[in-house]
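S.K.: For the record, the sequence lines run as chains A and B. Numbers 917 to 1132, taken from our numbering, label the letters of the first sequence in order. Numbers -13 to 186, taken from our numbering, label the letters of the second sequence in order. Handing you this structure, nothing more for now.
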Amino acid sequence: MARRNPFHSEAEAFRWLLLTIAAFAAVALASLLGGWPVGLPVWIVVTAAALWWYLRPLPDDRVPQAAAHVGGPGEKRILVVANETLASQELLEAVGRAAEGYKAQVLVVAPALNTKVRHWASDEDSARADAQRRLDGSLARLAGMGLEVRGEVGDADPLQAIEDALRMFGADEIVISTHPEERSNWLERGEVEAARERFAVPVTHVVVDLDADATS
Amino acid sequence: MEAHAAEHDHAAHPPAANASSGVDARVLGMLLFIGSEIMLFGSFFTAYFFVRVVNGYPWPPPEDHLPVFVAGVNTVILVTSSFTMHWALQSIKRGNRAGLQAGLVLTLLMGTTFLLTQIAEYARVGFAPGDNAFATIFYCLTGLHGAHVFVGLTLLLFTAIRAFRGHYSPEHHHGVELSGIYWHFVDVMWIVVYTTVYII
Chain A
917 MARRNPFHSE AEAFRWLLLT IAAFAAVALA SLLGGWPVGL PVWIVVTAAA
967 LWWYLRPLPD DRVPQAAAHV GGPGEKRILV VANETLASQE LLEAVGRAAE
1017 GYKAQVLVVA PALNTKVRHW ASDEDSARAD AQRRLDGSLA RLAGMGLEVR
1067 GEVGDADPLQ AIEDALRMFG ADEIVISTHP EERSNWLERG EVEAARERFA
1117 VPVTHVVVDL DADATS
Chain B
-13 MEAHAAEHDH AAHPPAANAS SGVDARVLGM LLFIGSEIML FGSFFTAYFF
37 VRVVNGYPWP PPEDHLPVFV AGVNTVILVT SSFTMHWALQ SIKRGNRAGL
87 QAGLVLTLLM GTTFLLTQIA EYARVGFAPG DNAFATIFYC LTGLHGAHVF
137 VGLTLLLFTA IRAFRGHYSP EHHHGVELSG IYWHFVDVMW IVVYTTVYII
């Protein structure tokens, strides 16, 4: 989620300076007229207004992205996005259904999920290695189904990973696999709904309960 | 030997990450810088707050007088230098090298004037840092800001030297941009310091 950064550029910093001059002129004037009992509330108000302005999320003005269909009418490109549920039977069946009746090409993207601290420190080696391991298992099973399939490790943000993939792979359908609602971070953050809003490509959501699969 | 060289080459150039949402190193660096500055100035403003508001210490004490007018003129000079800095960057963005050079020289001159005036006022103000709590906080806050001005002037000096040696172009002027950001930050901090120490 984008936010304003007063130090993003010289122009932003200059604008911040002008706002500071205006704000502190108001504080100084209030203090001169009414002492600190007037100056302090003015300072609190302008500080709160500045914090609100800089910390509020910028509107997402991106238009829904549609990937152009590549290939003939009998061909279909399917983008699969999943992580821990990559090798599940439910996902494989969903991809099989999506590919049915078509000469399908499948791109599997495994977002390199990472902890916040490691993400901020740009330490993503282990996250990418884990994602690659899961991806390899999934690719082998999909290839075993006779599909033309390839895979890549994507951005930690699943929406960004989809956007990155769509730039190189004009998908006709996106299949997103998640855990059930009670243990899915992606569902908690509304990633599937956000993907439906952002991308003008049909999105199929597959829910995989790995615990139930393990006990059955 | 070749295998070793190839291995070394691979280690020196890791594959490009696909993470376009990752935190940009420059943004992370700037955020860490802002965080450290907030803590640094914040500690001094906390001391100011405790001395003046919590303990009700008279500000300034009756025997001391702050050079409000001179500091006000100095404030105008420093704020004006931000405008010339902005002009310098806008000039190089339009390919106007003379404007870049003039803007940087004017900014340097005004920044130097500010710093020299501040030092001259220290000599004339009539109280020393160790005299009382007010004097300590006054010298700490204005001195800390003065140190930042000195760093900014150093950056500007190198930027100006590069500008006169033909560096920077409408496409490549990152050095001017970064110096400008720092200079505006120094100005913003002075407005906060001037308002709280001299005016309120």
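Beta carbons: idealized from backbone N, C-alpha and C, even for Gly.
Sort Glu49/B, Ser67/B, Leu86/B and Gln87/B by Cα distance to Thr99/B and report the nearest one.
M.R.: In the second sequence, the residue the question calls residue 99/B occupies position 113. The candidate whose alpha carbon is nearest that of Thr99/B is Ser67/B.
S.K.: When the Cα atoms are used, what is the spatial distance from Ile1090/A to Val1022/A?
M.R.: For the purposes of this step, residue 1090/A is taken as the residue at position 174 of the first sequence. For the purposes of this step, residue 1022/A is taken as the residue at position 106 of the first sequence. Distance between the alpha carbons of Ile1090/A and Val1022/A: 10 Å.
S.K.: Chain B beta carbons: is any one of them nearer than 8 Å to that of Val943/A?
M.R.: Mapped onto the first sequence, residue 943/A falls at position 27. Chain B contact via Cβ: present.
S.K.: At which residues does the alpha helix (DSSP H) containing His160/B begin and terminate?
M.R.: The residue you call residue 160/B lines up with position 174 of the second sequence. Per DSSP, His160/B belongs to the alpha helix (DSSP H) from His160 to Tyr180.
S.K.: Per the DSSP calculation, Gly1121/A is bridged to which residue(s)?
M.R.: One-based indexing of the first sequence puts residue 1121/A at position 205. According to the sequence as given, residue 1121/A is His; it is not Gly. Its beta-bridge partners are Ile1092/A.
S.K.: Strictly by DSSP, which residues pair up with Val1023/A?
M.R.: Taking the first sequence and counting its residues from 1, the one referred to as residue 1023/A is at position 107. The question names Val, but residue 1023/A in the sequence shown is Leu. In the DSSP output, where bridge partners are listed per residue, Leu1023/A has Leu995/A and Arg1066/A.
S.K.: Between which residues of its own chain and Arg1049/A is the CB-CB distance below 7 Å, once the five residues before and five after are set aside?
M.R.: Numbered from its first residue, the first sequence carries residue 1049/A at position 133. Correct list: empty, nothing qualifies.
S.K.: So, is Trp952/A buried or exposed, given that buried needs 16 or more other C-beta atoms within 10 angstroms?
M.R.: What you label residue 952/A is simply residue 36 of the first sequence in a count that begins at 1. It is exposed - the Cβ of Trp952/A has fewer than 16 other Cβ atoms within 10 Å.
S.K.: Check the C-beta distance from Ser1042/A over to Leu1002/A and give it rounded, since I have them as a contact under 8 Å.
M.R.: In the first sequence, the residue the question calls residue 1042/A occupies position 126. In the first sequence, the residue the question calls residue 1002/A occupies position 86. Actually they do not touch by this definition, with Cβ atoms about 17 Å apart.
S.K.: Count the other CB atoms within 10 Å of the CB of Ser1093/A; is the residue buried (16 or more) or exposed (fewer)?
M.R.: In the first sequence, counting from the first residue as 1, residue 1093/A sits at position 177. The C-beta of Ser1093/A has 16 or more other C-beta atoms within 10 Å across all chains shown, which makes the residue buried.
S.K.: Could you check whether the Cβ of Ser937/A sits closer than 8 Å to any Cβ belonging to chain B?
M.R.: Here residue 937/A is taken as the residue at index 21 of the first sequence, counted from 1. One point to set straight first is that residue 937/A is Ile, not Ser, in the sequence displayed. Closer than 8 Å to some Cβ of chain B, the Cβ of Ile937/A qualifies, so yes.
S.K.: Would you mind reading off the limits of the alpha helix (DSSP H) that contains Thr145/B?
M.R.: Within the second sequence, the letter at position 159 stands for residue 145/B. Per DSSP, Thr145/B belongs to the alpha helix (DSSP H) from Ala119 to Phe150.
S.K.: Once you ignore the five residues that flank Glu928/A on each side, which residues in its own chain have a CB closer than 6 Å to its CB?
M.R.: Counting from 1 along the first sequence, the entry for residue 928/A is found at position 12. The residues are Pro922.
S.K.: Can you name the residues of chain A whose CB is closer than 7 Å to the CB of Ile177/B?
M.R.: Residue 177/B sits at position 191 when you count from the first residue of the second sequence. Near Ile177/B (Cβ distances below 7 Å), the residues of chain A are Thr936, Ile937 and Phe940.
S.K.: Does any C-beta atom of chain B lie closer than 8 Å to the C-beta of Ala929/A?
M.R.: On the first sequence, position 13 is the one that residue 929/A refers to. It does: the Cβ of Ala929/A has a partner Cβ on chain B nearer than 8 Å.
S.K.: Measuring CB to CB, does Ala1026/A end up less than 8 Å from Gly1086/A?
M.R.: Residue mapping note: residue 1026/A aligns to position 110 of the first sequence, counting from 1. Residue mapping note: residue 1086/A aligns to position 170 of the first sequence, counting from 1. Against a cut-off of 8 Å, the Cβ pair of Gly1086/A and Ala1026/A comes out as no contact.
S.K.: Considering only their Cβ atoms, is the gap separating Ala1015/A from Leu1063/A smaller than 8 Å?
M.R.: On the first sequence, position 147 is the one that residue 1063/A refers to. On the first sequence, position 99 is the one that residue 1015/A refers to. Result yes, Cβ atoms of Leu1063/A and Ala1015/A sit closer than 8 Å.
S.K.: Thinking just about the alpha-carbon of each residue, which of Ala944/A, Trp959/A, His924/A and Leu934/A is nearest to the one in Val174/B?
M.R.: Residue 174/B sits at position 188 when you count from the first residue of the second sequence. Per the Cα distances, Leu934/A.
S.K.: Flag this pair as yes or no: are the beta carbons of Ala1111/A and Leu1075/A separated by less than 8 Å?
M.R.: Residue mapping note: residue 1111/A aligns to position 195 of the first sequence, counting from 1. Residue mapping note: residue 1075/A aligns to position 159 of the first sequence, counting from 1. A contact, by the Cβ cut-off of 8 Å.
S.K.: Report the residue from Pro1118/A, Ser1004/A, Leu995/A and Glu1009/A whose alpha carbon sits nearest the alpha carbon of Val1024/A.
M.R.: For the purposes of this step, residue 1024/A is identified with residue 108 of the first sequence, where counting begins at 1. That would be Leu995/A, whose Cα lies nearest to the Cα of Val1024/A.
S.K.: Span of the alpha helix (DSSP H) holding Leu1029/A?
M.R.: On the first sequence, residue 1029/A is found 113 positions in, with the first residue counted as 1. Segment: none, Leu1029/A is in no alpha helix (DSSP H) and carries neither H nor E.
S.K.: Have a look at Tyr184/B and Ala33/B and give me their C-alpha separation to the nearest angstrom.
M.R.: Here residue 184/B is taken as the residue at index 198 of the second sequence, counted from 1. Here residue 33/B is taken as the residue at index 47 of the second sequence, counted from 1. Their Cα atoms are separated by approximately 16 Å.
S.K.: Whose Cβ in chain A lies nearer than 8 Å to the Cβ of Thr181/B?
M.R.: Looking up residue 181/B in the second sequence gives position 195. In chain order: Phe940, Val943 and Ala944.
S.K.: Just checking: is the beta-carbon of Ala1103/A within a distance shorter than 8 Å of some beta-carbon in chain B?
M.R.: As a working note, residue 1103/A is residue 187 in the first sequence. First, the amino acid is wrong: residue 1103/A is Leu here, not Ala. No, Leu1103/A does not count as interfacial toward chain B.
S.K.: Leaving out the 5 sequence neighbours to the left and right, which residues in its chain are closer than 8 Å to Gly97/B when beta-carbon positions are compared?
M.R.: By 1-based counting over the second sequence, the position of residue 97/B is 111. Leu64, Ser67, Val135, Gly138, Leu139, Leu142 and Trp169.
S.K.: With hydrogens ignored, establish whether the beta-carbon of Gly1060/A is closer than 7 Å to any heavy atom of the ligand ZN.
M.R.: This structure lacks the ligand ZN; in fact it carries no ligand of any kind.
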